[in-house]
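Taking it in order: structure first as structure tokens, then the write-up.
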Amino acid sequence: MRRHDESQAQSIVAEFNAFLDEITTTPHASQRRLVLGELRGVVASKYGFVVALRQTKRTFFASTPVIESAAASFRSAWAMTGNASARVVILALVERTRDGNLRIIDLALQLCSSSFVPCDSSYEVEMANRLVAERRRFIKPMRLEAGDVMLPDFQLTDTRQPTAIEIYGMQGNEQYLARKKEKQALYARDAKPCVEWIPPADLASVRLPRPLT
């Protein structure tokens, strides 16, 4: 589904409705479509759950096993559903029931910041929102490139040398803490600048290097 644009709201809704109307079920075949949109909320109903997407009033239904599986598989995104500081993107496989209802039979979720920067945790959402609010230039590395040994949570690109941002939000996990020490040693060895945020310390206490003017 296209991103919201007030000037094109009617055409976006019409386009989406036409797409959904093409999902049909007959005694001989059942068509399925992938729907990509922003999740607004999930509410329990008599027969399972009602899934609501932003920008549309169309209703989608999902069974309890489908919702429970999504909540377990995408815990960070699920926990932030309905939080005004974040956005949750949903990819849903949809079919039509014999009664004409739209039913989600499988789904995936992606947690994002308020400006749709992909995030892995609520802490990353906070940091991404701060970087955008402060008009910083940054990237969110999604995969290791040739020669990379680490994948920072974010990287400032408006400093003299690219500055990594690492968020160490997990406590009490020995494997995670060992990896944290390893990454800190690698940054020190290679003399690469890195800003750390270690919750529960307040994000406002984290000092970012000044951007180049």
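Here our numbering is used: the first residue of the sequence shown is 6, the next is one more, and so on.
Cβ coordinates follow ideal geometry from the N, Cα and C atoms, glycine included.
Note that the coordinates shown come from a computational prediction; the quantities given were computed from them, not determined experimentally.
| Check | Outcome |
| --- | --- |
| D125 to R59 span [Cα, whole Å] | 22 Å |
| Own chain residues within Cβ distance below 8 Å of V18, not counting five before or after | Q60, T61 |
| beta-carbon L98 near the ligand FMN non-hydrogen atom, thresh 7 Å | The ligand FMN is absent from the structure shown, which contains no ligands of any kind. |
| Distance between beta carbons of F54 and A67, contact taken as under 8 Å | 5 Å |
| Reference Q166; option with closest CA among P157, R184, K197, A183 | K197 |
| Cα-Cα separation, Q115 to T64 | 20 Å |
| Spatially closest choice to E100 from R212, A49, Q36, by CA coordinates | Q36 |
| Exposure of P157, with buried meaning 16 or more beta-carbon neighbours within 10 Å | buried |
| Beta-ladder partner(s) of P123, from DSSP | C117 |
| Rounded distance between the beta-carbons of V200 and I170, thought under 8 Å | 5 Å |
| DSSP-derived helix/strand/coil call for L208 | helix |
| Alpha-carbon spacing of E20 relative to E11, whole angstroms | 15 Å |
| Residue burial classification, A82 (beta-carbon count within 10 angstroms, cutoff 16) | buried |
| Exposed unless 16 or more other CB atoms sit within 10 angstroms - verdict on T29 | exposed |
| Alpha-carbon spacing of T162 relative to C117, whole angstroms | 20 Å |
| Beta-bridge pairing of L44 - partner residues as DSSP gives them | L58 |
| Burial state of T168, where buried means 16 or more other Cβ atoms lie within 10 Å | buried |
| Inter-stretch contact (C-beta, 8 Å, three-pair minimum) for the stretch 91 to 110 and the stretch 145 to 156 | no |
| Best match in R184, L112, T164, E27 for proximity to P214 [C-alpha to C-alpha] | T164 |
| L96 classed as buried or exposed, judged by whether at least 16 other C-beta atoms fall within 10 angstroms | exposed |
| Beta-carbon gap between R142 and S119 smaller than 8 Å | no |
| Pair within 8 Å by beta-carbon distance, L191 and V154 | yes |
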